[in-house]
Amino acid sequence: MVTEPLILGIESSCDETGVGIVRGTELLANAVASSVEEHVRFGGVVPEVASRAHLEAMVPTLEQAYAEAGVRVEDVDAIAVTCGPGLTGALLVGIAAAKALALAHDKPLYGINHLVAHVAVDQLEHGRFSGPTAALLVSGGHTSLLMVNDITDDVRLIGETIDDAAGEAFDKVARLLGLPYPGGPHIDRVAREGDPTAIAFPRGLTGGRDMEKHRHDFSFSGLKSAVARHVQHEERMKRELPVADVAASFQDAVCDVLTRKTIAACKANGAETLIIGGGVAANGRLRTFIEDRAGATGIEVRVPRPGLCTDNGAMVAALGAELVRKGHKPSSLDLPADSSMPVTQVYAA
Ligand code: KG4
Ligand code: ZN
Numbered sequence: 648m649v650t651e652p653l654i655l656g657i658e659s660s661c662d663e664t665g666v667g668i669v670r671g672t673e674l675l676a677n678a679v680a681s682s683v684e685e686h687v688r689f690g691g692v693v694p695e696v697a698s699r700a701h702l703e704a705m706v707p708t709l710e711q712a713y714a715e716a717g718v719r720v721e722d723v724d725a726i727a728v729t730c731g732p733g734l735t736g737a738l739l740v741g742i743a744a745a746k747a748l749a750l751a752h753d754k755p756l757y758g759i760n761h762l763v764a765h766v767a768v769d770q771l772e773h774g775r776f777s778g779p780t781a782a783l784l785v786s787g788g789h790t791s792l793l794m795v796n797d798i799t800d801d802v803r804l805i806g807e808t809i810d811d812a813a814g815e816a817f818d819k820v821a822r823l824l825g826l827p828y829p830g831g832p833h834i835d836r837v838a839r840e841g842d843p844t845a846i847a848f849p850r851g852l853t854g855g856r857d858m859e860k861h862r863h864d865f866s867f868s869g870l871k872s873a874v875a876r877h878v879q880h881e882e883r884m885k886r887e888l889p890v891a892d893v894a895a896s897f898q899d900a901v902c903d904v905l906t907r908k909t910i911a912a913c914k915a916n917g918a919e920t921l922i923i924g925g926g927v928a929a930n931g932r933l934r935t936f937i938e939d940r941a942g943a944t945g946i947e948v949r950v951p952r953p954g955l956c957t958d959n960g961a962m963v964a965a966l967g968a969e970l971v972r973k974g975h976k977p978s979s980l981d982l983p984a985d986s987s988m989p990v991t992q993v994y995a996a
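Numbering (the numbering used here), first residue to last: 648 to 996.
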């Protein structure tokens, strides 16, 4: 029997300091420290605050992961670290930690693409996937549709947002409705009491002309402005805002477009499996929409559990394990941070 590689993964691209340890597709540890509380009063992630929080959390989070897995850094076969895309200052903290460990313990280093890691993480929950696979990544920072023919060698960008990310739209609309940051879970909760058909909010990039140029792309800034105009109008009319109805109508507009475009992209690219990742994948309405509509077309839907959907180190380790298993060469020890690393680049060679 071939033994699977033991990999340490480090994530620090946004506001989560994550350290994961995996053996092949087996999850051994997933320690995460979040600085989200420190960003609440700003209503969004402040890069400098995030970087400082990574510095403070890195060593304790590494130690927590070693303890959870019962593994010492000396035991691992390689160290994987997110090197992009993300906030440069935040990425640099994880990269510096990974380089120090690789150098001190003479381990190979792999600089991992964060977006592809969001897809690879599903293997820790549902096992390896094969065959044409599509992935929808929806979080505060990204809204991307990928086609994954081979997780280490053939990842393509099919579509992405041309303005706000889906989670960002949830966060901004929550703010308009007086709900706390991050807004996604609050809108999800409040919307359950509302009527999703109460207000006809726009579905971005679904009209004829837009579909020609942006068939698989998304846009949420027009929707956000439409909600803002609705809120202002109700204020001018001195009417009490029907928060639950606005939340439900907004949420349906987002989830309807995400689902419609994702299923269309799956069909256009012959995808048999669809993986969903990122914080917005926790949204109840989105899950229902996708499962219902994908189910009707025979596409297998795989959604990792919430702790693996949001940013974490296990996803980085999971992709690192695949690279090692397939014999890919490690990255150079002078690996840079690449804030706009393209998704087609699975790792920094
Ligand atoms: O993946 P994530 O934890 O961090 C990054 O942005 O990379 O995603 C956070 C985003 C936030 O915008 C948050 O509002 C959104 O995911 N989110 C949700 C839900 N839970 C988290 N959006 C909609 N419904 C949810 N249940
Ligand atoms: Zn992410």
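No residue lacks a Cβ here, since even glycine has one placed at the ideal position from N, Cα and C.
Residue burial classification, residue i (beta-carbon count within 10 angstroms, cutoff 16)
i           : result
residue 784 : buried
residue 777 : exposed
residue 991 : exposed
residue 917 : exposed
residue 768 : buried
residue 774 : exposed
residue 915 : exposed
residue 707 : exposed
residue 653 : buried
residue 750 : exposed
residue 701 : buried
residue 829 : buried
residue 732 : buried
residue 932 : buried
residue 885 : exposed
residue 747 : exposed
residue 687 : exposed
residue 689 : exposed
residue 682 : buried
residue 813 : buried
Limits of the unbroken beta strand (DSSP E) element including residue i
i           : result
residue 781 : 780-785
residue 668 : 663-670
residue 795 : 790-797
residue 729 : 725-731
residue 654 : 653-658
residue 807 : 801-807
residue 921 : 920-924
Nearest-angstrom beta carbon gap, residue j and residue i [assumed within contact, 8 Å]
i           : j           : result
residue 980 : residue 738 : With a Cβ gap of about 16 Å, residue 980 and residue 738 do not count as contacting.
residue 904 : residue 851 : 6 Å
residue 796 : residue 993 : In fact, because the Cβ distance is near 12 Å, the residues do not count as touching under 8 Å.
residue 920 : residue 780 : 4 Å
residue 668 : residue 712 : 5 Å
residue 950 : residue 928 : 6 Å
residue 744 : residue 977 : In fact, because the Cβ distance is near 16 Å, the residues do not count as touching under 8 Å.
residue 819 : residue 871 : 5 Å
residue 963 : residue 782 : At roughly 16 Å, the Cβ-Cβ gap does not stay under 8 Å, so residue 963 and residue 782 are not in contact.
Extent of the continuous alpha helix (DSSP H) to which residue i belongs
i           : result
residue 935 : 931-944
residue 834 : 831-838
residue 742 : 735-752
residue 758 : Here residue 758 belongs to no alpha helix (DSSP H); instead the beta strand (DSSP E) covers 756-760.
residue 678 : Unbroken run through residue 678 is the beta strand (DSSP E), 673-681; no alpha helix (DSSP H).
residue 878 : 868-883
residue 906 : 890-915
residue 814 : 813-823
residue 887 : Run containing residue 887: none; DSSP gives neither H nor E here.
residue 948 : From DSSP, residue 948 is part of no alpha helix (DSSP H) but of the beta strand (DSSP E) over 947-949.
residue 977 : No alpha helix (DSSP H) contains residue 977, which DSSP labels as neither H nor E.
residue 708 : 694-716
Residue i CB to nearest heavy atom of the ligand KG4 below 7 Å
i           : result
residue 957 : yes
residue 760 : no
residue 815 : yes
residue 930 : yes
residue 741 : no
residue 937 : no
residue 707 : no
residue 835 : yes
residue 732 : no
residue 841 : no
residue 829 : yes
residue 818 : yes
residue 951 : no
residue 832 : yes
Proximity test, residue i beta-carbon vs the ligand ZN heavy atom, cut-off 7 Å
i           : result
residue 786 : yes
residue 773 : no
residue 863 : no
residue 671 : no
residue 789 : yes
residue 975 : no
residue 925 : yes
residue 686 : no
residue 880 : no
residue 701 : no
residue 765 : yes
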